[in-house]
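> Sharing a structure below in structure tokens format, with a few things to ask.
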Amino acid sequence: MAEPILLAEQLRKTFIAKKGMGPKAVVEAVRGVDLRVGAGEVFGLLGPNGAGKTTTMRMLCTLLPPSGGSGRIAGFDLIRDQAEVRKRIGYVSQKGGMERVATGRENLLLQAQLYGMSRRQAVERVNVILARLKIGEFADRKTNTYSGGQRRIFDLASGIIHSPPLLFLDEPTTGLDPQSRSRVWEEVGRLHGEGATIFLTTHYLEEADALCDRVAIVDRGQVVAHGTPAELKRLVGGDTIALGFASADHAARARNVLLHSVKELVIDERALRLTVEQGDERLPIILAALNAAQLPVLTVALSRPTLDQVFLKLTGRSLTAAEPAEDAA
Ligand SMILES: Nc1ncnc2c1ncn2[C@@H]1O[C@H](COP(=O)(O)OP(=O)(O)OP(=O)(O)O)[C@@H](O)[C@H]1O
Ligand SMILES: [Mg+2]
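Start counting the sequence shown at 38; every next residue gets the next number (this note's numbering).
Encoded structure:
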């Protein structure tokens with residue numbers, strides 16, 4: 038990887054709650070997290086509620102002092118060079134942070150001017166962003182009249198107004214309808230295309246899979262796995278190919294053809310289920326072998342492991358099952 042734009046080494050955060058039930062109300066929210074994100078990557082932090090994603094992100098944005106460990110953004114230290122770090126990042130918090138009594142446009146103009154744009158530059162930039170995110174039609178209403186999804190898209194707008202090279206998005210799509218979610222994805226894709234680095238957290242595994250170049254899975258304040266989504270899914274042990282034949286005889290003959298070249302093979306009447314590495318590459322070879330043996334294949338299905346299966350394998354729990362009522366709240 039090129040010079041990392043984000044580096045975390047053994048980051049820790051321990052909260053000491055003042056009004057705890059017991060004598061020791063200590064929460065070890067982040068317990069020694071190492072991260073390296075290369076410039077231009079889309080990087081995802083995945084994990085169940087309370088895993089420490091927001092806490093990690095807030096430390097990386099200099100909003101929360103770490104209890105231990107260290108971190109650098111574009112070479113600047115999180116603690117010693119806070120001002121330099123802040124100039125280079127945008128942050129869209131999980132809760133959002135807009136002034137409720139102002140309009141969306143006023144919020145964005147303020148934000149742009151805080152980052153040093155002149156009034157004229159700010160007006161221009163705000164118009165560009167409003168058009169890009171297709172939110173111009175309610176920009177001049179007070180934000181306390183916005184729906185949850187509208188507010189979320191405005192939060193995103195305020196995070197990117199100054200074109201930061203590194204953008205932190207904490208659950209950018211939680212609670213959004215499919216259309217708004219895809220608008221956020223589009224924008225993430227565009228920023229990525231322009232060379233920005235995006236560090237995001239999400240509960241939606243298929244979203245992480247589709248958007249992220251690399252992901253880290255966190256559980257109970259620690260990274261339990263990291264890599265590209267494809268690498269992580271390989272941990273599960275392979276893809277499944279299901280083949281359907283015209284008769285049980287064909288299926289049995291196909292089994293004999295394939296027996297020695299696949300990891301696992303299950304026959305069920307007229308169907309065969311194979312477990313293979315790199316199913317997408319193996320599938321054409323398997324079909325060619327069956328064709329050569331004059332065994333016509335009637336149906337084919339390739340299924341790949343999901344990130345949820347990865348989480349299940351690593352922690353013994355399902356991430357989707359652990360996905361709690363927060364969305365509904
Ligand atoms: N200010 C605080 N004081 C005490 N405990 C805290 C504080 N902030 C967070 N925690 C605790 O730290 C742990 C990690 O919280 P965090 O918000 O980082 O999780 P998360 O992975 O972002 O979860 P979610 O998916 O629900 O957003 C949780 O147990 C939480 O209750
Ligand atoms: Mg969070």
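From the three backbone atoms N, C-alpha and C, an ideal C-beta is built for every residue, glycine too.
(1) Assuming Q187 is part of the alpha helix (DSSP H), what are its boundary residues?
(2) Cutting at 7 Å between CB atoms, please list the residues of its own chain near Q346, excluding the five before and the five after it.
(3) What three-state label does DSSP hand I53 in the structure shown?
(4) Please determine if the segment 69 to 89 and the segment 228 to 246 are in contact, where contact requires at least 3 C-beta pairs separated by less than 8 Å.
(5) Would K50 and S104 qualify as a contact pair, given that the criterion is a beta-carbon distance under 7 Å?
(6) Quick one: Cα of L311 to Cα of G87, how far?
(7) Could you tell me if the beta carbon of K90 falls within a distance shorter than 6 Å of some heavy atom in ligand 1?
(8) Which runs of the beta strand (DSSP E), 3 residues or longer, sit entirely within the segment 87 to 150?
(9) Mapping the DSSP letters down to three states, classify D317 as helix, strand or coil.
(10) Is T91 near V67, with beta carbons less than 7 Å apart?
(11) Under 6 Å: does the beta carbon of V260 sit that close to some heavy atom of ligand 1?
(12) How should L43 be labelled, buried or exposed, when 16 other C-beta atoms within 10 angstroms of its C-beta is the threshold for buried?
(13) Please work out which residues of its chain come closer than 6 Å, Cβ to Cβ, to D207, disregarding the five sequence neighbours upstream and downstream, and give them in chain order.
(14) Report yes or no: is there a C-beta of chain D within less than 7 Å of the C-beta of G141?
(15) DSSP state of E224, grouped into three classes?
(16) Mapping the DSSP letters down to three states, classify A283 as helix, strand or coil.
(17) What's the C-alpha gap between A62 and L115?
(18) Give a yes or no on whether the C-beta atoms belonging to L403 and V261 are separated by under 7 Å.
(19) Quick check on DSSP: helix, strand or coil for H229?
(20) Which word fits D246, buried or exposed, when buried means at least 16 other C-beta atoms lie within 10 angstroms of its C-beta?
(21) Helix, strand or coil, according to DSSP, for S340 in the structure here?
(22) Could you give the C-beta distance for G186 and D214, rounded to a whole number, given that I count them as a contact under 8 Å?
Per the coordinate set shown:
(1) Per DSSP, the unbroken alpha helix (DSSP H) holding Q187 starts and ends at G185 to I197.
(2) For Q346, where only same-chain residues beyond five positions count, the Cβ hits under 7 Å are V273.
(3) Three-state result, I53: strand.
(4) Cβ pair count under 8 Å is three or more, so yes.
(5) The answer is yes: Cβ separation under 7 Å.
(6) The alpha-carbon of L311 is positioned some 38 Å away from that of G87.
(7) Under cutoff, so the answer is yes.
(8) Complete beta strand (DSSP E) runs here, min 3: 105 to 110 and 126 to 129.
(9) Judged by DSSP in its simplified three-state form, D317 adopts helix.
(10) Not closer than 7 Å, so no.
(11) V260: no, Cβ never under 6 Å from ligand 1.
(12) When all chains shown are included, L43 counts as buried.
(13) Excluding sequence neighbours, D207 sits near T91, M94, S130, Q131 and T238.
(14) The chain labelled as chain D is not found in the depicted structure, where only one protein chain is given.
(15) DSSP places E224 in helix when its eight states are reduced to three.
(16) Assigned with DSSP and collapsed to three states, A283 falls in coil, not helix or strand.
(17) Rounded to whole angstroms, A62 to L115 spans 27 Å at the Cα level.
(18) A query on residue 403 cannot be resolved here, the shown segment of the chain reaching from 38 to 366 and no further.
(19) Reduced to three states, the DSSP call for H229 is helix.
(20) With 16 or more Cβ atoms within 10 Å of its Cβ, D246 is classed as buried.
(21) Strand, per DSSP.
(22) The C-beta separation of G186 from D214 comes to about 6 Å, placing the pair in contact by the 8 Å criterion.
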